[in-house]
Every structure is written in C-alpha cells, then in structure tokens.
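Q: Numbering (the working numbering), first residue to last: 659 to 916. C-beta atoms are modelled at their ideal positions from N, C-alpha and C, and glycine is treated no differently.
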Amino acid sequence: MQYGICTGLNNYKILEQLGYDYLELSVTATMALEKSVREEYRRQLAESSIDCQAFNILFPKTMDLIGGGTKDEEIKDYLHQAMELIQSFGAKTVVFGSGKCRRCPEQMTYGDAYKRLVQVCRMTGEIAGQYGVQVVIEPLSRNETNLICTMAEGAILAEDTGLDNVGLLADFYHVMANHDNLGDISVIKQFRHLHIASANGRKYPLSEENEAYRAFFQELKNIGYCGRISIEGKTENIESDGEAALKFLKGLEKEIYG
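#1: First and last residue of the beta strand (DSSP E) that includes I795?
#2: CB A749 to CB Q711, shorter than 8 Å?
#3: The beta strand (DSSP E) spanning Y661 covers which residue range?
#4: Which of the three DSSP states is assigned to H851 in this structure?
#5: Could you spell out the range, first to last residue, of the alpha helix (DSSP H) harbouring R780?
#6: Please confirm whether A687 and I715 have their CB atoms less than 8 Å apart.
#7: Measuring only the C-alpha atoms, how far is I663 from S707?
#8: Taking the alpha-carbon positions, what's the L798 to H832 distance?
#9: What did DSSP end up calling S684 once you bin it into helix, strand or coil?
#10: Within 10 Å of its beta-carbon, does T665 have 16 or more other beta-carbons around it, so buried, or fewer, so exposed?
#11: For the candidate residues K847, Q792, G725, E817, whose alpha-carbon lies nearest to that of N880?
#12: If we count the other Cβ atoms within 10 Å of its Cβ and call it buried at 16 or more, is H851 buried or exposed?
#13: At which residues does the alpha helix (DSSP H) containing L910 begin and terminate?
#14: With which residues is V753 paired in a DSSP beta bridge?
#15: Can you tell me whether DSSP reads C759 as helix, strand or coil?
#16: Taking DSSP's pairing of strands, which residues face V695 in a bridge?
#17: For the alpha helix (DSSP H) holding R886, just list the boundary residues, first then last.
#18: For a minimum of 3 consecutive residues, which ranges assigned as the beta strand (DSSP E) are wholly contained in the region 797 to 883?
#19: Cα separation between V685 and K758?
#20: Output needed for H738: all residues of its chain with C-beta closer than 7 Å, excluding positions within five of it in sequence on either side, in chain order.
#21: Quickly, what does DSSP pair K892 with across the bridge? List them, please.
#22: State whether the region 689 to 709 contacts the region 865 to 878, with contact taken as three or more CB pairs (one from each stretch) at a distance under 8 Å.
#23: When DSSP labels each residue in this structure, what does Q765 get in the three-state scheme?
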C-alpha cells in the first residue's frame, strides 16, 4: 500500500524525510493561501520525491449543500475553483466529507435530504470529471453529521450517484466511532481511498493496544486492497509520531498481507 498523511504543505519535507509516499492536503486550507505561496510549494513538490495525491475538506463549513442556503450556481462556481486547484497539484482524488455542509436540516425529511445529496454528489462528480479528478464519499461519525454515517450508506450513495468517478472511502476512526461493522468491507468491496487514526482520541496509529487495526487490515486483504491509506489524526510531534506510525502500519501490512 501507499502511505500518506493529511497535513499542510509546510510539512511536506518531513513526510519526504520519513519515507511517506504522498501528502493529502485540505482544499479549503490550500485555497486560503496566497497564490504566490501555492505556486512556490507547487514548484518545490515537483522537485521532491513526494507528491500530493489527494485532497480532503472539499467544502467550507459556511456552505449549506442540502437545505438550500447555498444555490447550485454558487456550488458549481466553487467546485470549478476547487477542482482546478486539485488538478494543478497533480492530485487525482478528493474526499467528500464536509459533514456540517451535508447535514439533514430539521425542516427536511431524511428522504428529501438524501435525494438532494445525490444531486450534489452528481454535480460534484460531473465537474470533477472535467478535471480528471475522482470523488470519494466519506461516511462520517454521527457527531459530525446525520447524513451518510456508515460504509453501507456511503456505498449506496455512490451507486445512486451513478458516475464512474464517484466512489467510496473508509475511515477507520469514523467506522469505530459509529460502531460500524468492519465485516461490511468484505461485502462492499469497492473502496478507492482510506483514512486511519486511533479510535481512542483520533491520534496517529502507533500500536494495537485497544484498537482493531488488525481486523481492519484483514478485511482490506480480503478484498485485495492495495491502494492509498492516509493518516488523519492528531499529533503533538509529526516527526516522531509520523515515523512510528509508518513503521507500525507497514509492519502490520507485512504481517497480514504476507
């Protein structure tokens, strides 16, 4: 598998030194940088052994995708800007998490909110396709959203969207927070990207103690997953925790995959 960390551009040299394959950037955070700063980082990345393969945090928290607070034309204009940014860094994948933006509001039924989310996912996928980007839907913990929380729900949403470039992500932290069934991975099978962090405090994965990492990796082996896995968690020291996490995850992969 390929391993990366969800972090800012300012940390790419650390990831490079530690031996990671890529970094995963935030769309909203990267868009907020001055254009000259983005250009300089792009130049540096082009000369390094590490690249940006994925983006997350697609939509800003201020956007209301479901309740009608943000109109379609505004969403489309924003998506063109976001996908152009993603394309400019050479990334091919963007994570659609953005839990606050996609909540089912009180004034709507879940069914109506879901139909609207299908429309938004289709709109996102269609625009992403124009830039050669695939969208992966991220089921989130119920503390972050009330719409698409389990892997099965995410798989159904991806299917209902009906686009080849819209797929599914599994995030170990959210799976465990929701008491979702890890065995569903072997049923769903179609995963295009992964996130991982400790189920206990959402920290970097450093050991198996009180964690179900081994069962997670076993399910991934069952479906033949050999793609990307990004650490998306908290750390007080990205260098030491990043080094330990990469060693731990690679060791676990070797044990499980053989």
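A: If we stick to the structure as given:
#1: 792 to 795
#2: For A749 and Q711, yes; Cβs fall inside 8 Å.
#3: 660 to 664
#4: DSSP places H851 within a strand segment (E or B) once states are collapsed to three.
#5: 768 to 788
#6: yes
#7: Distance between the alpha carbons of I663 and S707 is about 15 Å.
#8: When rounded, the distance between both Cα atoms is 5 Å.
#9: strand
#10: buried
#11: From the listed residues K847, Q792, G725, E817, the smallest Cα separation to N880 is found for K847.
#12: It counts as buried.
#13: First-last of the alpha helix (DSSP H) with L910: 896 to 915.
#14: V794
#15: In the three-state DSSP reduction, C759 falls in the helix class (H, G or I).
#16: Answer is none; V695 lacks a bridge partner.
#17: Note, R886: premise wrong, no alpha helix (DSSP H); beta strand (DSSP E) at 886 to 889.
#18: 824 to 829, 851 to 854
#19: If I take the Cα positions, the gap works out to 16 Å.
#20: I785
#21: DSSP lists K861 as the bridge partner or partners of K892.
#22: Three or more Cβ pairs closer than 8 Å define a contact, and the region 689 to 709 falls short of that threshold against the region 865 to 878.
#23: coil
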